[in-house]
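Q:
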Amino acid sequence: MKRLFLFLTVAAAVCCAACSDDPEVAESNLSLLEDNVTFDMFGGRSVLEITADSPWTVSCDDDWCRTNVAEGSHTKKIVLTVDQSFLPEERTTAVRFYAAGEEKHTVTVTQEKFEPILVLAENGADITVYGAGSEPALNLRASVAWKIEGATDWCAVSQSEGTKSSVVKLLLTDDGEGVRPRSATLTVSSEMEGVEPQQVTVVQRSTGANTVVVRAGETRAFPARRTDGAYVKGVAADWVWTTDAELLSGLDYDASRNEITCTAAKSKQGSGLVALFDAGGAVVWSWLVWVVDKMPSDVTVGGIAWQDRNVGAEYHSADPKACVQDFRSYGLFYQWGRKEPFIGAKILSKNKYYEGHAEYPDAFGAMTREVVFNASRTAGWQVSGEEMTAATANGNPTTFYTRSSAAMSEGWTEGGKGLNDPCPVGYRVPTAAEWQSLLAYVDGNAAKNQDSGDTYSRWYALNSGGTLIGPSTMFRKGDNGRIHYPGRSAAYCSSTLAGGKPLPMYDWKAGDATGEGTYYERKMTTAYGMRCVKE
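Under the numbering used here, the letters of the sequence shown match residues 1 to 535, in that order.
1. Taking buried to mean at least 16 other C-beta atoms within 10 Å of its own C-beta, is residue 79 buried or exposed?
2. Please report how far the alpha carbon of residue 489 lies from the alpha carbon of residue 506, in whole angstroms.
3. Along the alpha helix (DSSP H) that carries residue 437, what are the first and last residues, could you check?
4. Give a yes or no on whether the C-beta atoms belonging to residue 240 and residue 273 are separated by under 8 Å.
5. Would you mind stating whether residue 144 and residue 195 have Cβ atoms separated by less than 8 Å?
6. Based on Cα-Cα distance, which residue from 109, 200, 135, 104 lies nearest to residue 150?
7. Within this structure, are the beta carbons of residue 75 and residue 50 separated by less than 8 Å?
8. What do you get for residue 366, buried or exposed, if any count of 16 or more other CB atoms within 10 angstroms of its CB means buried?
9. Between the Cα of residue 97 and those of 34, 411, 253, spot the shortest distance and give me the residue it belongs to.
10. Give the straight-line distance between the Cα atoms of residue 460 and residue 132, rounded to the nearest whole angstrom.
11. Taking only beta-carbon positions, decide if residue 45 is within less than 8 Å of chain C.
12. Taking 6 Å as the limit between beta carbons, can you name the residues of its chain near residue 526, skipping five residues before and five after?
13. Helix, strand or coil, according to DSSP, for residue 201 in the structure here?
14. Rounded C-beta distance between residue 91 and residue 111? I'm assuming under 8 Å.
15. How big is the Cα-Cα spacing for residue 331 and residue 323?
16. Count the other CB atoms within 10 Å of the CB of residue 161; is the residue buried (16 or more) or exposed (fewer)?
17. Rounded to a whole number of angstroms, what is the C-alpha to C-alpha distance between residue 122 and residue 418?
18. What runs of the alpha helix (DSSP H), each 4 residues or longer, lie entirely inside the region 160–216?
19. Helix, strand or coil: which one does DSSP assign to residue 342?
20. From the DSSP secondary-structure annotation, give me the bridge partner or partners of residue 297.
21. Under three-state DSSP, which class holds residue 428?
22. Assess contact between the region 334–342 and the region 294–306, defined as three or more Cβ pairs (one per stretch) separated by less than 8 Å. Is contact present?
23. Which of the three DSSP states, helix, strand or coil, is assigned to residue 474?
24. State the Cα-Cα distance for the pair residue 289 and residue 311, rounded to the nearest angstrom.
25. Determine which residues share a DSSP beta bridge with residue 221 and list them.
26. What residues in its chain sit with their C-beta under 6 Å from that of residue 447, if we drop five residues either side in the sequence?
27. Output the boundary residues of the alpha helix (DSSP H) element that contains residue 392.
28. Would you say residue 386 and residue 405 are within 8 Å of each other, going by their C-beta atoms?
29. Nearest-angstrom Cα distance between residue 315 and residue 472?
30. Cβ atoms of residue 94 and residue 108: under 8 Å apart, would you say?
31. What are the start and end residues of the alpha helix (DSSP H) that includes residue 527?
32. Is it buried or exposed, residue 237, if we count other Cβ atoms within 10 angstroms and call 16 or more buried?
33. How big is the Cα-Cα spacing for residue 369 and residue 340?
34. Name the two residues that bound the continuous beta strand (DSSP E) containing residue 320.
35. Output the distance between the C-alpha atoms of residue 221 and residue 407, rounded to the nearest integer angstrom.
36. Taking the alpha carbon of residue 432 as the reference point, which residue from 248, 458, 509 has its own alpha carbon closest?
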C-alpha cells in the first residue's frame, strides 16, 4: 500500500512538472478603423481593412449586406456590398469579425430609407455628336421603375426601361441623306407619383466640313459631304492649288464610301484646295485641306472657345511676338458667304502698301504669297466683275468676285453652321456679338501687347491663363481684290449682317463697326481674315 501511494505521489509530481512547462497560448489581435459605415438607399460598396496577426472569419447578420470573403489571415482588405433598399425606414445590420473563436470587432452598417428618385445627369442639356463615330451615354440615377421614350431610327438606346440606376448607351447611325443637324428628344419618366420626368436632346451634326485639318505626315480620309449632311458625288478628286508643290499626295476618291483620301507631307505645313470634279471637269465641291504640325487648340475667353490661330495659318509659336511678325501665321481671306479661301500677303507693313500708295500692287501681284496651281484644273487667281452667286462661287474657287448677289447672304448662318461655313468640324464663323464679347473681356481681363516692329498686331495675356494671338490681317478690298494694309489693322469675318452688309470685327475695337472709313469697308465681296469659335 505504501508503495502504491509513493508511486501515485511521484506520478502526480511529474505530471505537474510537465504541465508547468507548457507555453502560454497568445491572445489573437484583430482590429479595424471603422466601427460604423453608412450607405444611402442605393447601397454600393465600401472597403474595410482588417489588421490581424492570426486567422479570422467574418459574417453579416442580414443577407442584404455581405462581404466578398468569409475568412482570411493576417492583414487584408475586404469589400462590403450593400443592396439597394426599398424600405420606408432606415435599416441597420452588423458585420462581425472573429478570431480564435471569439468575436473581436463589430461594424454597424446603416442604410438610409427609400425615397423615389429619378435623376438624369444630362437633364435639360444638349448632347452634340458628329455622325455616328462616338457612343455617348446617359447617366441615370434611379430608385424607381423608369422608361425612355423618344428614340428614333438613328438615335436608339441600349436600354429602354429599368428599375435602378443605369448607364444607358446611345446607339447612333448616320445613314441616309437627311438634313443635318437633326435632333431627337429623349424623355425619361416614371409612373410613380411626384417623380419629375427628365429630358435630354441629342443633336447630330454632319461630319462634313469645308475645312479639313490634317497633321503633317498623316493620311486622312474625309467625307465628301457638305455641312448639311448631303453627300456630293463626282468622278475624281484633285488638287487645285497648294502653298507647296509637295504638300499633298495620294489623292483618291472612293465613290462607294463617299470619301476622299490624301496624305500630307511629313515636314511641311500649309494649305491646299482639293475639289471633287464631275465627268466634264467641272467643280462639284471643294475643301480646304489645312496641314499643321500641331493640331489647333482652344483659347476660352469670357466663356467662348476660340481656335488659337487663324484658319489656314501654317505657323504657330509659343512666342506670340514671333507669331505676329511672321506672315505665315496670318492665314487666309474669305469673302462673305463663301467657303473658298484666298491667299494672303507675304509682306507686312504698318506704314505702306495702302491704296493710292506708289508701291501698291495689283490684287494678286507682288505682295501676294506665291502658291502652286494645278494647271490642268485652274488658270490661277482671277478677279471678275460678274455677279457672284452660290453656283459661280462654288464652280470657280480661284475667282475673286467684285459684285455679289443677294443669294450669298444664305452662305453663312449667324450663330450656326451654314452651308458654306469655312471652319473645321465642330467650329463655325463667330457672330459680331461674340467678337464684341471677346473685345470687352480682353479690355478688362488681359494685358495687351502690341508688336513694335513692322506690324500693329496684338496679343493678349489673359488673366485666366493662356494667350490670345491676334495678327492684323486687314482685308482684300471688295471692288478690286487688293490686299489693304496687311499688318496695320485687324479685320475678321463675322457671320452677322447688318443692313445687308457684313459686320466684321475691325482693329480690335469694341463697339459695333457700322460705318466705313479710309481703312475700313463693309462689302459682301470684301475678304477678311477668319478665326473660328466652337459650336
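Glycine residues also receive a C-beta, built at the ideal position from the N, C-alpha and C atoms.
A: Straight from the coordinates:
1. exposed
2. 7 Å
3. 432–445
4. yes
5. yes
6. 200
7. yes
8. exposed
9. 34
10. 38 Å
11. Absent from the structure: chain C. Only one protein chain is present.
12. 475, 478
13. strand
14. 5 Å
15. 12 Å
16. exposed
17. 27 Å
18. none
19. strand
20. DSSP, once it has assigned bridges, lists no residue as partnering residue 297.
21. strand
22. no
23. coil
24. 10 Å
25. 261
26. 461
27. 390–395
28. no
29. 15 Å
30. yes
31. Run containing residue 527: none in the alpha helix (DSSP H); it sits in the beta strand (DSSP E), 527–529.
32. buried
33. 16 Å
34. First-last for residue 320: 320–324, but that is the alpha helix (DSSP H), not the beta strand (DSSP E).
35. 32 Å
36. 509
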